[in-house]
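Comments concern the structure below.
Residue numbers (our numbering): 24 to 983.
Written out as structure tokens, the structure reads:
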């Protein structure tokens, strides 16, 4: 019972079809025999009998009536031949049982009913021939094959289902070899899915080797090619997933990928389109990251198989990371800033948020309010007590705090680090020095970096050292070649503390330039949940230790639907990232708060089509059950007989005997039937689908409306460039500050191009500080320490590029070499600085750009000349480098002096000095004004002068 001309049509008794050869003879006979003439009764016809007859040619049957009757004869012959639509597959002729080798992996699931129907047809044919059946599914555990009765085989096929993984065909082929060895006269029918993973193209040759001389029939075509999903990527702006197919189908094909949450609710969908001959395409789902993080399942619509499903766990979700940098925001070289390296490294797997225009404390508070799971602090030293306490509570609630070292952290002290740190640091060429830069030694087996390849090109020139204690080894995740820690981590309640002992830029090491840096950050960020709510539950990934396993909780069957767990499914390691197998079916493993997804395909997997041309006779699958066509053909024969009879009746004059009165109701009946058929045609209704509204993105709180006083202050402060001083509450000190800055402003107007406005006093707790480039803060001994909120405002001002000049005005009363010990003003200053994130400081070096910003200076005197002026420490000069002026990436946010600068600048309305100098000559006051001019020009122009002093050398190199 084979198909006819490629159609699923066969005949029970095909020899009957030979009668069709007689149809031309029937045509001749029908044309030769005329139709019966019409008879009309006419009485005078008796007179015509005596007339001799003429030779007449009889009338022939009309050709269209002859064709109708030939069709009637052909239908009778076809019905007698026993036609069957979609006939069952007939196995090759053999005396032994039929061996059914059935591919029962997930690629067969989408067309499983067609495959099962074809197998049932083979069993039915074997039953008619009195042959037994041997079933060998490739997805079932290998068993000793045995011959089944057709009834047993039917029941076995009824309960057989596809497995949710790609089966290993080798055990099934071993069972096939045993079956053929035990039954020499057996015939093999292979129900193939036609698909394998890359690397499995040799299966057909192996089947040919096992089958040998036994008859072989292969079913492969007639069903839709399977599609699969692999490699979902939660990118910056959208979710993309690869859609795969084998390469045997060169036709274009379209489809839709749907995204569902854990409850099965649809969150979005995207179309995909295969180009002709393409094996891979992508579906892109554009949704906000908050909604994308809720996706737990991707599936191809109308493709019921485990391979067409991708399950997503918390490892896949795109985390939102808050980034806080301790450096000023107006750096002249943003591409070398720590935030640039961190943003680029985090971009492939996380959304980075920065608090533009906010200080360290405000940024941390904002990120905690937004319930971010991970916060990164880059070289942030001292934190205000309130911020420190809130950050500690956030960590204990499940947050992940990642800190990077730097000058501020090296000289700061707090307990938000996993290990105790030594003050200062270990520098190439320092007191704790190396002869050569250290390389990366390796990653500990207990840390999250254990599977990251160790790069051999990472070197470290400086690091923050940890104090050795009994817990250091257990908290070390990465070490240098000399055994000192590079990365340490500690679990605190439900959260995690991580410290990189180097900076996030390249000033201390080249780790940020390595690909390992991205992998390390990926694993650190994965320790947190996708939101604070999830982080509050802890996390299996964060707490897991090597060797910990999780049991299956919800598994997929071969059709891609969730089913209960089975006793044969085994637990997996927490960090399992392999392909699904018989021991580890696809699905979710672990508790609800720490699910681990296992999928049928890995991101790197690709599908290939098997070359089945050498596997015996190729047959298509039968998509439906066999249909006996004799009944519809006999009905057609009866209908044609009725039509023929009606035509003969009409041609014989029978219609003329019908009266017009009887014809009218018949015509009306036909018209009514036609109208009823037209009215019964269904119409289509299109349903519009709308995407769910996107939630508003997290943003900074809306600013409060300004009061009239605040508006007047802002207008006055921005009408021209102005210097500012802190209103201390001491009338005499505030008047000296105002007069001093007014005198400096007048000096700048006379000696430079700057036309500044009158200085303004600012209340640190109330007024906006961002309007001023420089704020002069005279320290009043014994003054109350500002509130944490006020210090946070000052810290934010310095982080956004402003400069604060602290002046203790006690250079004459402090003993040389005592570092201000015993000075009330210095004690007050220390209390203030303890609440600020102050960078590493140093006395102004001779080659600092501040000494050349306008005048060439060596010292910065005020009323007194004995005190040192401190600024942010510059990076160490490279070996052999000779530069006339050096500067950092930006302006020093803090300047500390004790020389009473404002006292030297203070002048009356007539220009006369208000306060005496410590020396008798006028030269010191002139130098004090010049120092003030350099300070203002440095604050306004940054490291501009450091670039200008190199112009002669640059021109010389260019040959000009």
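Don't be surprised by glycine CBs; every beta carbon is placed ideally from N, CA and C.
*asked:* Per the DSSP calculation, residue 303 is bridged to which residue(s)?
replied: 267
_Local conformation of residue 47 per DSSP, three classes_ = helix
*Return the Cβ separation of residue 522 and residue 441 in integer angstroms, given the expectation that the two are a contact with Cβ distance under 8 angstroms.*
5 angstroms
*For residue 20, count neighbouring Cβ atoms within 10 angstroms of its own Cβ and tell me buried if that reaches 16, exposed if not.*
The chain is shown only over 24 to 983; residue 20 falls outside these bounds and no answer can be derived.
*Please list, in chain order, all residues of the same chain as residue 934 whose beta carbon is under 6 angstroms from its beta carbon, the five residues on each side excluded.*
none
*residue 562 to residue 806 span [Cα, whole Å]*: Its pLDDT being 39, under 50, residue 562 is placed unreliably by the model, and nothing is read from it.
*Report the residue ranges of all beta strand (DSSP E) runs contained in full by the segment 347–394; include only those spanning at least 3 residues, in chain order.*
373–377
*7 angstroms Cβ cutoff met for residue 889 and residue 954*: no
*Write down every uninterrupted run of the beta strand (DSSP E) in the segment 206–239 whose length is 3 residues or greater and which is fully enclosed by it, in chain order.*
210–214, 218–220
*Which runs of the beta strand (DSSP E) fall wholly inside the segment 606–677 and span at least 3 residues, in chain order?*
610–612, 619–621, 630–632, 640–643
*asked:* Would you call the segment 605–612 in contact with the segment 627–647, where contact means no fewer than 3 C-beta pairs closer than 8 angstroms?
replied: no
_Beta-ladder partner(s) of residue 783, from DSSP_ = 747
*What is the rounded straight-line gap between the Cα of residue 1052 and the Cα of residue 589?*
For residue 1052 there is no data in the structure shown, the boundaries of the chain being 24 and 983.
*Outcome for residue 853 when other beta-carbon atoms lying within 10 angstroms are tallied against a minimum of 16*: exposed
_Buried or exposed for residue 300, going by 16 or more other Cβ atoms inside 10 Å?_
exposed
_Would the segment 186–203 count as touching the segment 153–168 if we require 3 or more Cβ pairs under 8 angstroms?_
yes
*Go ahead and pull the three-state DSSP assignment for residue 284.*
coil
*Best match in 774, 768, 317, 791 for proximity to residue 16 [C-alpha to C-alpha]*: The structure shown does not extend to residue 16, since the chain is modelled only from 24 to 983, so the question has no answer here.
*Would you give the residue range spanned by the alpha helix (DSSP H) that residue 770 belongs to?*
754–774
*asked:* Given a cut-off of 7 angstroms on the beta-carbon distance, is the pair residue 581 and residue 129 in contact?
replied: yes
*Alpha carbon to alpha carbon, how far is residue 276 from residue 131?*
19 angstroms
_Residue environment, residue 564, which counts as buried when at least 16 other CB atoms sit within 10 Å_ = Since pLDDT at residue 564 reaches only 40, below the 50 mark, its modelled position is unreliable, and the value read off the structure follows with that caveat. Counting Cβ neighbours within 10 Å, residue 564 comes out buried, since at least 16 surround it.
_Residues of its chain near residue 504, where Cβ-Cβ distance is below 6 angstroms and the 5 sequence neighbours each way are ignored_ = 461, 462, 464
*With 16 other Cβ atoms within 10 Å as the buried cut-off, status of residue 267*: buried
*beta strand (DSSP E) segments (min. 3 residues) lying fully within the segment 143–173*: 156–160
*Per-residue burial, residue 623 [other beta carbons within 10 Å of its own, 16 or more giving buried]*: buried
*Pick from 153, 202, 513, 143: whose alpha carbon is nearest that of residue 178?*
143
_Assuming residue 874 is part of the beta strand (DSSP E), what are its boundary residues?_
Element bounds for residue 874: n/a, residue is neither H nor E.
_Quick check: the Cα distance between residue 124 and residue 326, rounded to an integer number of angstroms?_
24 angstroms
*asked:* Given this structure, state the Cα-to-Cα distance separating residue 586 from residue 436, to the nearest angstrom.
replied: 54 angstroms
*Note down, in chain order, each residue of its chain lying with its Cβ closer than 6 angstroms to the Cβ of residue 794, except the 5 sequence neighbours on either side.*
740, 741
_Beta-carbon proximity list for residue 474, same chain, < 8 angstroms, skipping 5 on both sides_ = 598
*Which class does residue 340 belong to by DSSP, given the choice of helix, strand or coil?*
coil
*Could you give the distance in angstroms between the alpha-carbon of residue 948 and the alpha-carbon of residue 796?*
24 angstroms
*Assigned exposure category for residue 227 - 16 Cβ within 10 Å defines buried*: buried
*Excluding sequence positions up to five away, which residues of its chain have a Cβ less than 6 angstroms from the Cβ of residue 744?*
779
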